[in-house]
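Going line by line, the protein sequences match chains A and B.
Sequential numbering of the first sequence, starting at 6, is according to my numbering.
Sequential numbering of the second sequence, starting at 6, is according to my numbering.
Yeah, the Cβ is synthetic: ideal placement off N, Cα and C, and Gly gets one too.
Here is the structure we will look at.
2 protein chains.
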Amino acid sequence: MGSECKGHQPQDDGGVAPFVAKTFHMVSDPATDAVVCWGGASNTFLVLDPAAFSDFLLPSYFKHRNFASFVRQLNTYVRTHARTHALSSTDSLYVYAYSAPVSG
Amino acid sequence: MGSECKGHQPQDDGGVAPFVAKTFHMVSDPATDAVVCWGGASNTFLVLDPAAFSDFLLPSYFKHRNFASFVRQLNTYVRTHARTHALSSTDSLYVYAYSAPVSG
DNA sequence: GGTTCTAGAACC
DNA sequence: GGTTCTAGAACC
Numbered sequence: 006m007g008s009e010c011k012g013h014q015p016q017d018d019g020g021v022a023p024f025v026a027k028t029f030h031m032v033s034d035p036a037t038d039a040v041v042c043w044g045g046a047s048n049t050f051l052v053l054d055p056a057a058f059s060d061f062l063l064p065s066y067f068k069h070r071n072f073a074s075f076v077r078q079l080n081t082y083v084r085t086h087a088r089t090h091a092l093s094s095t096d097s098l099y100v101y102a103y104s105a106p107v108s109g
Numbered sequence: 006m007g008s009e010c011k012g013h014q015p016q017d018d019g020g021v022a023p024f025v026a027k028t029f030h031m032v033s034d035p036a037t038d039a040v041v042c043w044g045g046a047s048n049t050f051l052v053l054d055p056a057a058f059s060d061f062l063l064p065s066y067f068k069h070r071n072f073a074s075f076v077r078q079l080n081t082y083v084r085t086h087a088r089t090h091a092l093s094s095t096d097s098l099y100v101y102a103y104s105a106p107v108s109g
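Below you can see the structure in the form of structure tokens.
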């Protein structure tokens with residue numbers, strides 16, 4: 006091959022699955038912190054407004070607006086990504102552990 | 006026994022499970038037809054307003070307001086009650102088959 | 001018997 | 001790899 010990779014990595018996602026990358030972006034976006042945000046300790050994120058999360062946030066990242074589908078995917082990566090772990094839920098507050106990927 | 010049952014049946018639910026009785030009542034109530042109502046053919050019922058269904062209707066019948074928990078229970082009775090059968094769902098319209106109990 | 005969390009399986 | 005539907009299992 007003539008051109009070799011010289012460390013240039015456009016869109017370096019560290020091989021992270023699309024679902025994981027999207028979820029990280031979605032949670033990290035400060036514009037939507039009233040809907041979903043990082044939790045305090047324990048590498049968690051909180052869905053503060055499940056209705057807005059389902060109706061507006063999910064369809065902007067995924068091809069659906071079903072909270073159950075999101076949870077199903079999350080549970081998949083809970084398994085394959087040691088850093089992710091489901092915790093608990095209440096009537097209106099869903100809490101999932103999800104640590105930020107380590108850069109560097 | 007001195008007193009025999011003479012056909013008097015206060016609260017005759019035909020031995021139907023509480024979940025099934027509650028769901029039937031919830032769907033049948035005309036006051037909430039904008040939220041959930043009986044479907045046209047095929048013994049179905051439609052959750053027209055999932056948000057209102059979860060936030061207001063579910064907690065008035067059950068001890069939670071989680072659509073997923075309702076679906077989990079529904080799927081249980083899909084199995085044990087031949088008359089119930091899950092069909093499909095779309096973004097905002099959940100459709101489940103559920104036939105009315107036959108009286109008489 | 002109910003409620004929650006998670007996963008299998010089918011289908012896309 | 002994503003989305004949906006359903007069920008197992010644990011816990012209440």
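Our contact map puts residue i next to residue j with C-beta atoms below 8 Å; I'd like the distance itself, whole angstroms only.
{"i": "L63/B", "j": "V40/B", "result": "That belief does not hold up - the Cβ atoms of L63/B and V40/B are roughly 10 Å apart, past 8 Å."}
{"i": "V25/A", "j": "Y82/A", "result": "6 Å"}
{"i": "F50/A", "j": "V32/A", "result": "4 Å"}
{"i": "D54/B", "j": "R70/B", "result": "The Cβ separation is near 13 Å, so there is no contact."}
{"i": "A56/B", "j": "A56/A", "result": "6 Å"}
Taking all protein chains shown into account, do 16 or more other C-beta atoms lie within 10 angstroms of the C-beta of residue i, making it buried, or fewer, making it exposed?
{"i": "S23/B", "result": "The identity of residue 23/B in the sequence shown is Pro, whereas the question assumes Ser. It is exposed - the Cβ of P23/B has fewer than 16 other Cβ atoms within 10 Å."}
{"i": "A87/B", "result": "Confidence in A87/B is poor, its pLDDT being 38 and thus under 50, which makes the residue's placement unreliable; the coordinate value appears in the next sentence. When all chains shown are included, A87/B counts as exposed."}
Hey, how far is the Cα of residue i from the Cα of residue j?
{"i": "G44/B", "j": "D38/B", "result": "11 Å"}
{"i": "F29/B", "j": "S74/A", "result": "27 Å"}
{"i": "Q78/A", "j": "L79/B", "result": "22 Å"}
{"i": "K68/A", "j": "V52/A", "result": "19 Å"}
{"i": "F72/A", "j": "D34/A", "result": "19 Å"}
{"i": "G109/B", "j": "C42/A", "result": "Note on G109/B: pLDDT 29, under 50, position unreliable in the model; the coordinate value appears next. G109/B and C42/A: Cα-Cα distance of roughly 55 Å."}
{"i": "V21/B", "j": "V76/A", "result": "32 Å"}
{"i": "K27/A", "j": "K27/B", "result": "39 Å"}
Measure from the C-beta of residue i to each C-beta in chain B and report whether the shortest distance is under 9 Å.
{"i": "V52/A", "result": "no"}
{"i": "F75/A", "result": "no"}
{"i": "A39/A", "result": "no"}
{"i": "F72/A", "result": "yes"}
{"i": "A87/A", "result": "Bear in mind that the predicted position of A87/A carries a pLDDT of just 39, short of 50, making it too unreliable to give a figure here."}
For residue i and chain A, any beta-carbon pair shorter than 9 Å?
{"i": "A56/B", "result": "yes"}
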